[in-house]
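Top to bottom, those sequences are chains A and B.
Positions in the first sequence are counted from 1; adding 1431 to them yields our numbering.
Positions in the second sequence are counted from 1; adding 1431 to them yields our numbering.
C-beta: ideal position from N, C-alpha, C; glycine also.
Every value quoted in this text rests on a predicted model; they were computed, and no experiment measured them.
To keep things clear, I will list the structure first and then write my remarks on it.
Number of protein chains: 2
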Amino acid sequence: MQPAPPPPRAPLALRDRPAVTLRQVAERAGVSMITVSRAINTPHQVSERTRVRVQEAVSSMGYVPNLIAGGLRSARSHVVTALVPTLTGPLFGEMVQALTDALELRGFQVMLGQVGYAHSREDELLRAIVGRRPDGIVVTGIMHSPEGRRMLMASGIPVVETWDFTDTPIDMLVGLRHEELGAAVCEHLFAKGQRRLALLSGGDERAARRARGFEAAAVRLGLHKPAVRLGKSPTTHADGREGLAALLADAPDIDAVFCSSDMLALGVLTEARVRGIDVPGQLAVVGFGDIDFAQTVSPSLSTVRIDGTRMGQTAAHLIADRAEGKAVEEPVVDIGFSIIERESA
Amino acid sequence: MQPAPPPPRAPLALRDRPAVTLRQVAERAGVSMITVSRAINTPHQVSERTRVRVQEAVSSMGYVPNLIAGGLRSARSHVVTALVPTLTGPLFGEMVQALTDALELRGFQVMLGQVGYAHSREDELLRAIVGRRPDGIVVTGIMHSPEGRRMLMASGIPVVETWDFTDTPIDMLVGLRHEELGAAVCEHLFAKGQRRLALLSGGDERAARRARGFEAAAVRLGLHKPAVRLGKSPTTHADGREGLAALLADAPDIDAVFCSSDMLALGVLTEARVRGIDVPGQLAVVGFGDIDFAQTVSPSLSTVRIDGTRMGQTAAHLIADRAEGKAVEEPVVDIGFSIIERESA
DNA sequence: CTGAAAGCGCTTACAG
DNA sequence: CTGAAAGCGCTTACAG
């Protein structure tokens, strides 16, 4: 976080006026600071008359309590930090929304830190986050960097890893096994009669895992080794169009494509249509994510759905229970996945 | 899918001890607390020998400075909070990424707070954010609630409003005039020869503003009052399909649709194709956002692009300059927009 | 180059 | 129901 050049300090006077403090409110209300604190945080511990006096002072002075200071003393920040790889994708939105809503009900505020798919600055960001002592940390994906894992473990902060699965979680985990998912999609296509499979995948780790499961299942089923085209994440519609073109150039006889995202799959649908390839008649297409348009494009898109709402809610309760010192019975949850069958496969 | 039984948990030997403090590091290194602080934050103020000793203590003990405590004393949190309406849309991703990158270079970390399109809990969230005393706040859109405006102004925290325009900003602003944008799209369609215009719009405020500009321009140009269909935000692909169907039911002779998002426009393209309506021959379509697929769908989508990167970078420097006490010459910036002409219009 | 004291704005832990 | 004192973990402001 803090880079080399010593930051030029802002003269405090430049801020319009320093914020109103608890002490000033207490003076105005004619009570002690601790009484103001109670009137705000635990009003039932204070007499009606006092509460009203304090309330008047608070609103007339526009007092907004400094939660940082309170958190420092009480060692409870009421903040949970969620690390998300990107804001561009719709995939994590549902989970983050559910996480936010569920934690809000339990008195926590969610702050988001953006990681990007690159792992380069992850440790640095992590240091900045751990340094702010949140009451919990939700990680998208599995934390791999040994330095990062050590820092999180040593911090004593409750951690939930999500969206993936490992036998060695840092602390708690709500995710799914992407190899199994890849295998299940392969079996689904096989059951539908497809025999020359192909794979179009972004470069992130979970997509790679799905790809591995898909390929292994194809071998088990006695099929040809799938034609594979790998790109990078996040995946785009253009990647989907180019990807199908490249696959067809190499392997013109493919009859099914499993795409690592719905956007990629949408690109494949577009390219197929432009080329006059019938979906699913000549080519079956499966996406991943079940986002927005999957149900209403034409042909509608068969895809794999992860229950982001359940994942977010589960993560929220794990974090909140741990932060409140409650016992967590089931710290590792596999939420699975479901294949949504529509027109495209 | 049946989840497999969870594996045994990793041992958490390191967890549950209170975090290492500056005092402990100082004892280990045999120097005072302030010297440790300097060795970490302003190493040039400390002798080589001391710096090495401190560095060894820091890494052997896994010390992560408590930035909250430091921030309390120094009145500089090095955090900028950005309020975004939703994570589901790709629209804000580019801006937030640019904001994050630019602020990181200047020593600030960006934390995101999710507002949702509903304004109901906005004040509550704002209180939680102002209470954490960030060094800056970036708001998506214009803040309207009088309570919220008062709180932000009284806080003395630098504020940048974005994505919209007003003559009464709270503090600073980087945005654009959505009425002008709507009018420009109307004029573009007129110039292309379209005469029976229609409008398909989500319910958020900026979309409504674009709609107003669009309708006003149609009147100025002597056209029929556009057929209008309003929905809610965020808009979906399904809304686009249903929207076009509804517009055609009411006004079968329309020859152009301006959609308040690219996703809506994609739904319109799908519905038109299914109905055998030629785009742009029988129906011109314009989106908003220039996201991912706009360039590569078929027909490619004419749309309106906002330079999110420039908006994010500009906001970053406004915030950082203000936080560092530098003078801000141009606190209100209109970044404009551009109409991207492709096949659909 | 180094350090002892004070203080940031709250809450905790006692005490009445 | 109310309050005086101590302290959370740092940095500031002095002083040497």
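Own chain residues within Cβ distance below 6 Å of residue i, not counting five before or after
i, result
"A/Asp1693", "Gly1718, Gly1720, Ile1722, Ala1725 and Thr1734"
"A/Gly1567", "Val1511, Pro1589, Ile1750 and Ala1754"
"B/Leu1583", "Val1590 and Ile1601"
"B/Pro1762", "Met1603"
"B/Glu1774", "Pro1730 and Ser1731"
"A/Thr1473", "none"
Cross-chain neighbours of residue i in chain A, by beta carbon under 8 Å
i, result
"B/Ala1746", "Result: empty, since nearest Cβ-Cβ is about 15 Å, beyond 8 Å."
"B/Ser1729", "Thr1701, Arg1704 and Val1705"
Collapsed DSSP secondary structure at residue i in the structure displayed
i, result
"B/Phe1724", "helix"
"A/Ala1441", "Reliability of the predicted coordinates at A/Ala1441 is poor, the pLDDT of 37 falling under 50, and no value is obtained from them."
"B/Gly1674", "helix"
"A/Ala1450", "coil"
"B/Asp1635", "coil"
"A/Gly1718", "coil"
"B/Glu1592", "strand"
"B/Gly1756", "coil"
"A/Phe1689", "strand"
"B/Ala1614", "helix"
"A/Thr1512", "strand"
"B/Gln1744", "helix"
"A/Gln1455", "helix"
"A/Thr1667", "coil"
"A/Arg1736", "strand"
Residue i beta carbon near the ligand ATP (any heavy atom closer than 6 Å)
i, result
"B/Gln1625", "Looking for the ligand ATP in the displayed structure turns up nothing, as the structure carries no ligands at all."
Interface flag, residue i vs chain A, CB-CB below 7 Å
i, result
"B/Ser1491", "no"
"B/Asp1723", "yes"
"B/Thr1701", "yes"
"B/Val1477", "no"
"B/Met1542", "yes"
"B/Val1406", "Because chain B spans 1432 through 1776 in this model, residue 1406 of chain B falls outside it and cannot be assessed."
"B/Leu1714", "no"
"B/Thr1734", "no"
"B/Thr1383", "Absent from the structure is residue 1383 of chain B, since the part of chain B shown begins at 1432 and ends at 1776."
Residue-level contact to chain B via CB, residue i, 7 Å cutoff
i, result
"A/Thr1388", "Not covered by the structure: residue 1388 of chain A. The range shown for chain A is 1432 to 1776."
"A/Asp1693", "no"
"A/Ile1771", "no"
"A/Ala1669", "yes"
"A/Thr1740", "no"
"A/Ala1585", "yes"
"A/Val1591", "no"
"A/Ser1775", "no"
Cut-off 8 Å between Cβ atoms - residues of its own chain near residue i, not counting five sequence neighbours on either side
i, result
"B/Ile1685", "Arg1627, Leu1628, Ala1629, Ala1658, Leu1678, Leu1679 and Leu1714"
"B/Asp1765", "Phe1596, Gly1606, Leu1607 and Arg1608"
Contact set for residue i: own chain, Cβ-Cβ below 7 Å, skip 5 residues either direction
i, result
"B/Ser1493", "Residue identity check: residue 1493 of chain B is Gly in the sequence provided, not Ser. Excluding residues within five positions, the ones whose Cβ falls inside 7 Å are Val1451."
"B/Gly1644", "His1609, Glu1610, Glu1611, Leu1612, Gly1613 and Ala1614"
"A/Gln1744", "Ala1529 and Ala1533"
"A/Ala1746", "Leu1530, Val1569, Val1591, Thr1593 and Val1605"
"B/Val1467", "Leu1453, Val1456, Ala1457, Ala1460 and Val1485"
"B/His1748", "Ala1533"
"B/Met1464", "Leu1453, Arg1454 and Ala1457"
Interface residues of chain A facing residue i [CB-CB closer than 7 Å]
i, result
"B/Ile1558", "With the sequence shown as reference, residue 1558 of chain B is identified as Arg, and Ile is not the correct amino acid for it. Chain A residues near B/Arg1558: Val1495."
"B/Arg1563", "Leu1498 and Ile1499"
"B/Leu1503", "Ile1499, Ala1500 and Leu1503"
"B/Arg1580", "Within chain A, no residue comes near B/Arg1580; the closest Cβ sits about 12 Å away, beyond 7 Å."
"B/Gly1633", "The contacting residues do not exist; B/Gly1633 stays about 13 Å from chain A at best."
Proximal chain B residues relative to residue i, where beta-carbon distance stays under 7 Å
i, result
"A/Leu1697", "Phe1724"
"A/Ala1450", "Ser1586 and Gly1587"
"A/Gly1538", "By Cβ distance, chain B contributes nothing, its closest Cβ being about 11 Å from A/Gly1538, past 7 Å."
Chain B residues whose Cβ lies nearer than 9 Å to that of residue i
i, result
"A/Gly1613", "Neighbours of A/Gly1613 on chain B: none; closest Cβ ~12 Å, over 9 Å."
Chain B contact residues for residue i, given Cβ-Cβ distances below 8 Å
i, result
"A/Met1574", "In chain order: nothing, as chain B lies at least about 12 Å away."
Neighbouring residues, chain A, relative to residue i (Cβ below 9 Å)
i, result
"B/Gly1720", "Neighbours of B/Gly1720 on chain A: none; closest Cβ ~12 Å, over 9 Å."
"B/Gly1767", "In chain order: nothing, as chain A lies at least about 23 Å away."
Please list, in chain order, the residues of the segment 1745-1765 of chain A that have any C-beta partner in chain B closer than 9 Å. Glu1761, Pro1762, Val1763, Val1764 and Asp1765
Which residues, taken in chain order from the segment 1654-1684 of chain A, show a beta carbon closer than 7 Å to some beta carbon of chain B? Thr1667, His1668, Ala1669 and Arg1672
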